[in-house]
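Peer 1: For the sequence shown, position 74 (counting from the first letter as 1) is numbered 768 according to my numbering, and the numbering increases by one without interruption. What follows is a single structure, and I will ask about it in a moment.
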Amino acid sequence: MVRRIDVTGAGGVRLAAWEFADPPKTDQPRASEAPGVLLLHGLMGRASHWASTARWLSERHRAVALDQRGHGQSDKAPEAEYTREAYVEDAEAALDQLGLGPAVVIGHAMGALTGWQLAAKRPDLVRALIICDMRASALGAASQREWEDWFRAWPTPFATLADVRKWFGEDDPWVERRTPSRGAFYAEVMHESPDGWRPVFEPRQMLKSRQTWVYDAHWEELAQVRCPALVVRGLDGELGRAEAQEMVRVLPRGQYAEVADAGHLVHYDQPEAWRVAIEPFLDGVLTG
695 MVRRIDVTGA GGVRLAAWEF ADPPKTDQPR ASEAPGVLLL HGLMGRASHW
745 ASTARWLSER HRAVALDQRG HGQSDKAPEA EYTREAYVED AEAALDQLGL
795 GPAVVIGHAM GALTGWQLAA KRPDLVRALI ICDMRASALG AASQREWEDW
845 FRAWPTPFAT LADVRKWFGE DDPWVERRTP SRGAFYAEVM HESPDGWRPV
895 FEPRQMLKSR QTWVYDAHWE ELAQVRCPAL VVRGLDGELG RAEAQEMVRV
945 LPRGQYAEVA DAGHLVHYDQ PEAWRVAIEP FLDGVLTG
């Protein structure tokens, strides 16, 4: 089962939330009583990237993935705010309107930052947090310029989805070795237009979203997260081991896990290893 639930975010922006599986079985708590999990994708991602995670989570929990503003099937209004505050308020609204809180918030990249900013702001809504491959350090102006150049390098429109998979999985200058999962990841964020395949998001909105956090460090907010928190990194991802372990040290109740043979898209690269990495933490915070 895939079910869409509309949520009203900050400033009236319409957000699409998704359940990718049936509620917990009859011998488990009713859906309204099952522990809630909110899944937040990263920049350029969409809720469907969490589908496999949401399905196994739904065996015992009510798991909902959110298309964040400007992404997936949520509103992409040009006049909307794409600030950190807006993303956090959207997640806050989703938890309230879906009746999920206090929930475990699982975030990838930018979604993880949203998760820990929400946990610092509204500890009553977040019972535990999983941070997947997101840095707390400032990345700086050079990083933002690299992203601007990267977007300009995309050979859009793509003639076919196969071309999308090949470019992002093999031909993209940012790819060090052939990575089919990366190609599949980006194929999910494309839609067919009259002249070919283009992203469902507006690249300028993605850059606008990114510039609201890329110049700043986020250690202070991380230290304000009082709930149990797990920092997960792929060994070939963007979050280095030293910084990840420092994040764990800064978190009052931090834990650490890593996934071998995974890059930045940890949950998408290695879904089974991802489950092995996070399930013991979830068991501890949801059933302990």
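Every residue gets a Cβ at the ideal spot worked out from N, C-alpha and C, and that includes glycine.
#1: Where does Leu-901 sit, in a helix, a strand or coil, going by DSSP?
#2: For Gly-834 and Pro-897, I'd like the C-alpha separation in whole angstroms.
#3: For the beta strand (DSSP E) holding Arg-859, just list the boundary residues, first then last.
#4: How many Å lie between Trp-750 and Ser-742 at the Cα?
#5: From the DSSP output, which residues share a beta bridge with Phe-714?
#6: Given this structure, state the Cα-to-Cα distance separating Arg-756 from Pro-888, to the nearest angstrom.
#7: Can you give the Cα-Cα distance for Glu-779 and His-912, rounded to whole angstroms?
#8: According to DSSP, is Ser-837 part of a helix, a strand, or is it coil?
#9: Can you tell me the Cα-Cα spacing of Glu-937 and Met-828, whole angstroms?
#10: Residue range of the beta strand (DSSP E) that Asp-700 falls in?
#11: List in chain order: all unbroken alpha helix (DSSP H) runs of 4+ residues lying wholly within the region 857–942.
#12: How should Ser-768 be labelled, buried or exposed, when 16 other C-beta atoms within 10 angstroms of its C-beta is the threshold for buried?
Peer 2: Straight from the coordinates:
#1: helix
#2: 19 Å
#3: Arg-859 -> not in any beta strand (DSSP E); alpha helix (DSSP H) instead, spanning 855–860.
#4: 14 Å
#5: According to DSSP, which records beta bridges pairwise, Phe-714 is partnered with nothing at all.
#6: 38 Å
#7: 14 Å
#8: helix
#9: 10 Å
#10: 697–702
#11: 874–881, 897–905, 913–917
#12: buried
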